[in-house]
Structure formats: C-alpha cells, structure tokens
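This report concerns only the one structure given below.
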Amino acid sequence: MFNPQSQIENSTCEIKYELQEKNIKVLVLDDESIIPELKSVVQILQGYNFIFQSTNCDNEFKKLIREIKPNLIISELHINEIEGKEQLNYCRMVYPEIPFIILSAHTCNKSALTFLEMGATDFLNKDTISALPATIYKALRQSHEKIQIKEARQQRWEDAQRFKGLIEYSHDPVITYDYDGTITYASPAIERVLGYKVEEFVGTNVIDHIHPEDLPIRENAYKTLLNSELNFETINEERLLHKNGHFIWAKAIISDARLIPGIEGIMTNFRDITIAKNKTCDLNNTIEILTNQNNRLLNFSYIVSHNLRSHTSNIQSIINFLEITDDPGEQEEMIQHLKEVSEALNETMTNLNEVVSIHSGDHLKIESLSLRKFALISLKTLKSKLNAINGKVHFNIDKNLMINFNKSYLESILHNLFYNAIKYSHPNRRLDLEIDIVNEDEFDVLIVKDNGMGLDIEKYKNKLFGMYNTFHNNKNAKGLGLFMSKNQIEAMKGKIEVEGSINNGCTFKIYFKK
Amino acid sequence: MKRTICIIDDDPLYKLLLKKTIERLNLNIGVVTYEDGKQAIEGLSKLKENTAQLPDIILLDINMPVMDGWEFMDQFVEDKNQFSKAMTIYIASSSIATHDIEKSKTYTEISGYLVKPIVKNTILELLQNKVFM
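So the protein lines, in turn, are chains A and B. Be aware that the first sequence starts at 1, since it is given in my numbering, and climbs by one per residue. Be aware that the second sequence starts at 515, since it is given in my numbering, and climbs by one per residue.
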C-alpha cells in the first residue's frame, strides 16, 4: 500500500558531517584591523575559502547581513558590552540560523554566560583565539543542521497538508476505524454519500452502517485481508445504510493500516455505485423478460412445427388418397378422417390461441383471493374421483392467506394440480396428498406433494411443462394442463417447480408473488 | 423375400394412412407399428435374433409420449449389436425445424430425415435405398 506517512519520514535529509558549503562568508562586527589575524587563524581549515567583511556601524551591519547573507558572524566584544548585545538580539530574532561567535578581549566568565544565555553560539577569549577554527567549524555544522531540520519540517508539514487535502477533497469517502469497528476518522465526503456529518459519524460502529445480510461478505473480507500478503481487500458490492434509512450500493476497499502511524486501524474507502447497480438490475430484468419471451417464442415455433404440421401432413395424405381412389367406401372413410383431423386441428388452434392470450393479458383482472377457499372448492369438485381411489388429503393452508391472482387462472391451476395427483396416483397404494404453504421472501409457496407414480424429473424437467408432452401411457392425458398452468403462473409473475422420482410421487411448488 | 417396415409413432391416423399407402404398393411388404419409443425398444428386443421378423426399415417419429424419438435412438445405439439384422432408420416427422434436422445428423445410425406426409414414391425410394441425408 502507498504510505504517505513513511514518505514524509524519508524526506528528512541525512545529515552530513562535512560542510558542503566551501565558500564561507564571515561578517565581522569590528574594525578591519582584526581581519588579517582572523585570516591567519582560519588557514588551518583547509579546503574552505573564507571571505571576510567587517563593519563597525550598526545600520551597515544589518544591511550587510541582508545583502551578503553571511554564513557566520563574529563580534568583537569591547569594554562597552551593550553594542554587541543589541546585534546579538537582532540576529537571534531575525537570522537565528546564522552562528554568532563572540570574541572577547578580556576574560569574563560571567559575561560569557550572559551572552550564551542570550543565544550566542560560542564565547571565545582572544587569548585562546587558536581554538577559533574548531569553534567556527562546529558552529557552521550546527547551523547547517538547523537549516536542514527546518527545511525538513517545512517539507513534512507541506506533505501532511497535501495528503490531508487529497483525502478531505476526495469525492469518495475515506474512513478509519479500530479493530472493534469504532470509527476514528471520516472524510467530509461521508455526508454526500451517507448523509452523516463527520462529527456524527465518528464514534459510531461500522457494523451499524452495513446491511445485516451483507455482514458475512465483510467478515470474509476481513479474514482474507488478515491472512493475505496484500494489505487491501476489495468488496465489490455491499449495501450501506444511509442516514435517511434507505440503503445505497457501495464498492469498498478495505486496507489493513494497523501498523501505519496515525491510523493504527482499518482504513476503508468506498464509492457509491447505486446508480450503476440499479442500471445493471434493470438490464438484468430486461434480459430476463426477453429471455422468457424468447423461450416462449421458441416453444411456440416448436409447437407450430410439430403439432400444427402433424395435422396438415395428415390432411395432405388424406387428399392424396382421395385423388387416387375410386372406391366410394374408401372415399367415405377418408372424408371421415378429414373431419377428425379438422377437429383436432381446430382444438390445437384453440389451445394455441389460449396460450397467446395468457401472455397478452394485460387486461387480466387481478383480485385478492383466499388460497384456502379456492383450494377447498377445487378439492370438492374432485371429491368423487378422490373417493373412487380412496385418496386422503392433508390440508394445511392458513385461512388468512390472501394472494393477488386472476380468479379463473387460480381455479384452473389448482384443478390441474389436484387432478394430476389423482390421475397419476400409484395403483398399489392409497393416495396421500399433502397441501402446505411456505413463506419464502417475495413469494407465498404452495406445496402440493403426492405419493403417486412419480416421474424421472431430471430426465423430463424441460419437457414436463411443454405443450403436448405426455409421459405415461394415459389415454386421457393431453399434455396441456401443466403447460397452461405454467404459462398462467408466469403471466402472474410467479413460477412453478417440481421435484420427484419414479414411483416416489411428485412435489409441485407454486410460487405466488406477494 | 418379404420386407418389413416398422412405424414408430403415436398418431393413429398417420399410421393408418401410411399403412394403407404401403399396402397399395402391392409389394408384399409387412408393416409393424409401435406407439412410442419404449414399446418399440421392447418389441424389437423380443425379435432381436429373429432375422426374418426384424424390420428392414424403421420410420421413427420424434414427438412421442413416454419415450420420444431421440430417447429411442439413445437406447437403440446401446442395444444395436444385439440385433441379428442391420435396420435402416429414418426420422419421419412433421417437424421442419432445423434444430430437429441437425440433431438427426448427429446419429450415424440415422440414414435420413423424412418430412411427413410420407408418400408412395418416398416409400419406393426407401426400398431402393435411394434416400440419403
């Protein structure tokens, strides 16, 4: 991870012990007469070029400092100490980084202490002027270090300001929090995205802002993060609670910043992806609708190809016969067949028409219906058939359950389901029909479980709800009931599923949209 | 030598008309019919070593209850070595869907795809092995 803190630390320059500046400008606060002596003393500092300039006048001293920016000031201290003190004060205030060395004509430890207290770099007696080079060297080095530290501090402050600005003005929120989830920092963008003021947000717990269903995603992300080589982990989408109570979709990047000074916790930046997410949802819904429509169209073309054409090919055959036969008996027979085909064709057309009308049925009346009431009525109409096979019904539908559905569709679907259970009951055992309701998210699910002949569901799954598909040698089966039911259920935004196996009965699940 | 045509189809009228068409040829051709793929598999396996009674040609419908044409083919491919006679299988369907025609080509055991109605001349050509994919 990019680490702004360590960047700042690294920018602190390494301090060198050799002076980089080879031209040393020295401003001497005294008359010129001392300069030759100073020059000869500093000769010992080989490799450096000393440039001396001197003044006796206070005003000129200030002017020269400004103009030549000396590396060093040497002040000759005479009996009158006041002058020197003034200049020292001035330099400490305005140019604290320039070393200020006092050269005194007389020994006075008390005044030496006074000057050092005032900020003089060092205090030398003229008798020990031979120590001057070392003192100068030390003073210049300290000065250099001071300047470097000052520059580094400046740099560091600017860097910190820059990184702070980067986060504060970022469009996407950044938050940091402790290991227990307590938020320690939030950037101002939090208000734009989640509606909270920074001071409201800090101190709350991250968990309170995440959709409960998405918490496992978070937990997994933390686990991955803590075990991973990388110190960040992306959560592609999760729901976050807005202050107003609604949820937004966000993409979050969680970073392990427990070892980062100044954070010492988890850092998360996230982006509001609600608009994109909603668009994707719309797109997926559209794709689903189109896929369904396309499947129905394919199914329909298949029906046309197989079922309508089977009748027309029979008609062609009959006409061929009529053309070649002179036998009145055979002609009569063919006419009879033609009538049969015509009726069958008509029935197929009627059925197809019904299918088409199911899906173009925007005008369908949808009512709030008692599922229990309609199921009971349906079972009542099948009572004689049930009694004939000694069937038993275990009925368990809440009388308060209402579903929004088309009445005639519901009647037809329930009749179909129950009638199928009777029709395909097992010849060797009593029919036990269990009817239950289960609540599943956006659906009320009607479960109709029988112990009949069953079916190889895996094998026939795709065909079971197709038109004119029959599976048992039952002469009454037309292969239409489940096809119609499925279409009616889907037209009401529901779905139908089936489970079961040969000899073990079938369980149909009808999903009624709440 | 008497030849036999086997019709596997659930449409009684089609079977009746096709039977009539074949009889009218007066070529001494026997006709056996089965309701669906399952009955055909059962019926044929009973005759598997009876070369004389096994059909020469099979006309197979696709859409049938219980076991459809494709399921019949899958079973037939498994069982074919048990039969003492090589039988020529044609799909005979009212479907003109490309999907069905393409699928029929995936079975090497299927010799051709016939679209109903099956007329006299088609039968004659079948008997002369003149129908190809």
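Heads up, the beta-carbon is just placed ideally off N, CA and C, and yes, glycines get one too. This one's a predicted model, so the numbers in the text were calculated from it and none came from an experiment.
Euclidean distance between Cα positions of residue i and residue j
i: N439(A); j: I235(A); result: 31 angstroms
i: Q316(A); j: Y302(A); result: 20 angstroms
i: K243(A); j: L194(A); result: 6 angstroms
i: I266(A); j: D214(A); result: 18 angstroms
i: N205(A); j: T184(A); result: 9 angstroms
i: R239(A); j: N487(A); result: 35 angstroms
i: K534(B); j: K459(A); result: 36 angstroms
i: E60(A); j: P70(A); result: 14 angstroms
i: S11(A); j: R153(A); result: Per-residue confidence for S11(A) stands at a pLDDT of 44, beneath the threshold of 50, marking its modelled position as unreliable; the derived number appears in the next sentence. Answer to the nearest angstrom: the Cα atoms are 9 angstroms apart.
i: T55(A); j: F163(A); result: 48 angstroms
i: L283(A); j: K277(A); result: 10 angstroms
i: S33(A); j: E151(A); result: 37 angstroms
i: D172(A); j: K223(A); result: 25 angstroms
i: T128(A); j: K39(A); result: 15 angstroms
i: I422(A); j: K380(A); result: 13 angstroms
i: A554(B); j: I522(B); result: 7 angstroms
i: V633(B); j: H415(A); result: 43 angstroms
i: E458(B); j: V591(B); result: No information on residue 458(B) is available, as it lies outside the stretch 515 to 647 that chain B covers here.
i: L225(A); j: R258(A); result: 12 angstroms
i: F646(B); j: I489(A); result: In this prediction, F646(B) has a pLDDT of 49, which is less than 50 and means its spatial position is unreliable; what the coordinates show is noted afterwards. Looking at the two C-alpha atoms, the distance is approximately 45 angstroms.
i: T135(A); j: R66(A); result: 24 angstroms
Residue-chain proximity (residue i, chain B), Cβ-Cβ < 8 angstroms
i: M1(A); result: Because M1(A) carries a pLDDT of 43, less than 50, the predicted location of this residue cannot be relied on, and no value is offered for it.
i: N320(A); result: yes
i: H426(A); result: no
i: S170(A); result: no
i: V341(A); result: yes
i: H363(A); result: no
i: Q316(A); result: yes
i: S408(A); result: no
i: S305(A); result: yes
i: S501(A); result: no
i: R309(A); result: yes
i: S412(A); result: no
i: K513(A); result: no
i: H337(A); result: yes
i: S357(A); result: no
i: S313(A); result: yes
is_contact[residue i, chain A] using C-beta, thresh 8 angstroms
i: D570(B); result: no
i: D588(B); result: no
i: K630(B); result: yes
i: L527(B); result: yes
i: N540(B); result: no
i: N635(B); result: no
i: K534(B); result: yes
i: L531(B); result: yes
i: N595(B); result: no
i: M647(B); result: Because M647(B) sits at a pLDDT of 44, beneath the cut-off of 50, its placement in the model cannot be relied upon, and the point is left open.
CB-CB length for residue i against residue j, believed under 8 angstroms
i: H426(A); j: N451(A); result: 7 angstroms
i: M581(B); j: K552(B); result: 4 angstroms
i: Y498(B); j: I603(B); result: The requested residue 498(B) does not occur in the structure, where chain B is confined to residues 515 to 647.
i: I318(A); j: L338(A); result: 5 angstroms
i: I510(A); j: L446(A); result: 4 angstroms
i: E549(B); j: D524(B); result: 6 angstroms
i: V26(A); j: L132(A); result: 11 angstroms between Cβ atoms; not a contact.
i: L371(A); j: L401(A); result: 5 angstroms
i: N314(A); j: V341(A); result: 5 angstroms
Closer than 8 angstroms to chain E by CB, residue i
i: N439(A); result: Of the protein chains in the structure, A and B, none is chain E.
- Task: Could you please tell me which residues of the region 445-463 of chain A, in chain order, have their CB closer than 9 angstroms to any CB of chain B?
- Result: K459, K463
- Query: Just by C-beta distance, which residues in the region 609-626 of chain B are closer than 9 angstroms to chain A?
  - Reply: S609, I610, A611, H613, D614
- Jot down the residue ranges of each uninterrupted beta strand (DSSP E) in the region 153-216 of chain A, minimum 3 residues, whole runs only, in chain order. 174-177, 183-186
- Residue ranges of each alpha helix (DSSP H) within the region 49-84 of chain A, 4 or longer: 58-68
- Item | Minimum length 3: unbroken beta strand (DSSP E) runs contained in the region 560-588 of chain B | 571-574
- Task: Closer than 8 angstroms, Cβ to Cβ, to anything on chain B: give me those residues from the region 270-303 of chain A, in chain order.
- Result: S301, Y302
- Query: In chain order, what residues of the region 570-584 of chain B put their CB closer than 7 angstroms to some CB of chain A?
  - Reply: N577, P579, V580
- Task: Could I get the ranges of all uninterrupted beta strand (DSSP E) runs contained in the region 516-543 of chain B, with 3 residues as the minimum, in chain order?
- Result: 517-522
- Message: To test your reading of the DSSP string, which unbroken beta strand (DSSP E) runs of 3 or more residues are found completely within the region 350-430 of chain A?
- Response: 367-370, 392-396, 402-405
- Query: Unbroken alpha helix (DSSP H) runs of length 4 or more, entirely within the region 73-144 of chain A: which are they?
  - Reply: 81-94, 109-118
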